[in-house]
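Using this note's numbering, the first residue of the sequence shown is number 20, and each one after it goes up by one. The C-beta atom is built at its ideal place from N, Cα and C for all residues, glycine as well. Note that this is a predicted model, so its numbers are computed, not measured. These notes concern the structure reproduced below.
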Amino acid sequence: MTSLNVVSAGALETVSAAMARDEHTVIATSLHDLGRALETAAALPRGGPLAIDLVGHSTRDHQLLRLGSTVIDALDLAVLRWFEAVADSGILRRLDAACLRLLGCATAMTPSGRRTMRLLAAVLGIPVYGTRVRISRMHHTDRGFNPLFHHVLISSS
C-alpha cells in the first residue's frame, strides 16, 4: 500500500534522509500543512488505496502525536473540528484513503491515545492506527513505514 508521509518538522531525525526527500513525504508544522498535503495528493494520479501516515514525536504525558505545534488530541475541539471538516470535504474518498496511522512513540498505549484513535476513526470513517512501542528510523524504509513492523500497530477498532 502506498503511503502519504506527513512528517512533523520537529521529528525529521526519526526518518531516513531518503524518506524525507521522497515525493510522498511532506514536512509539516501544522494541521494546515497536513490539509495542503492531502489536497496535493488528491490531485495526483494513483493506483490503489493510500495510507495517511502522520510521523512525529508523542507527548510525554499522554503519548499523543504531535504534528508541529499541534497535539493530535480528539478532546481538543479545534483538532476534532479540523478532522470533521476533512471528513465532510470528501477528500478521503478521492484519495482512496485506507487508514490514518499515528506514527509516534506508543501512541496507542494510553487511554488518551486510544480515545483519540477511536474518535478520529468515527469522524473519518476509516481505521486509525497507533503504535504500541517506541518507534525510530529503523521502523521506516525510504518510502515510509516498513510493513515488516505492522505488528507494532494497534487499530482503533
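Per DSSP, what kind of secondary structure is Pro-131 in: helix, strand or coil?
-> A quick correction: the sequence has Ser, not Pro, at residue 131. Helix.
If you draw a straight line from the C-alpha of His-158 to the C-alpha of Pro-166, how long is it?
-> 9 Å
Among Val-90, Arg-100, Ser-155, which has the Cα closest to the Cα of Ala-47?
-> Val-90
8 Å contact criterion, which Ser-35 and Phe-164 should meet: CB distance rounded = With a Cβ gap of about 12 Å, Ser-35 and Phe-164 do not count as contacting.
N-terminal and C-terminal residue of the beta strand (DSSP E) that Ser-22 is part of = 21–27
Mind checking which residues open and close the alpha helix (DSSP H) that includes Ala-37?
-> Secondary structure note for Ala-37: its alpha helix (DSSP H) is the uninterrupted segment 36–40.
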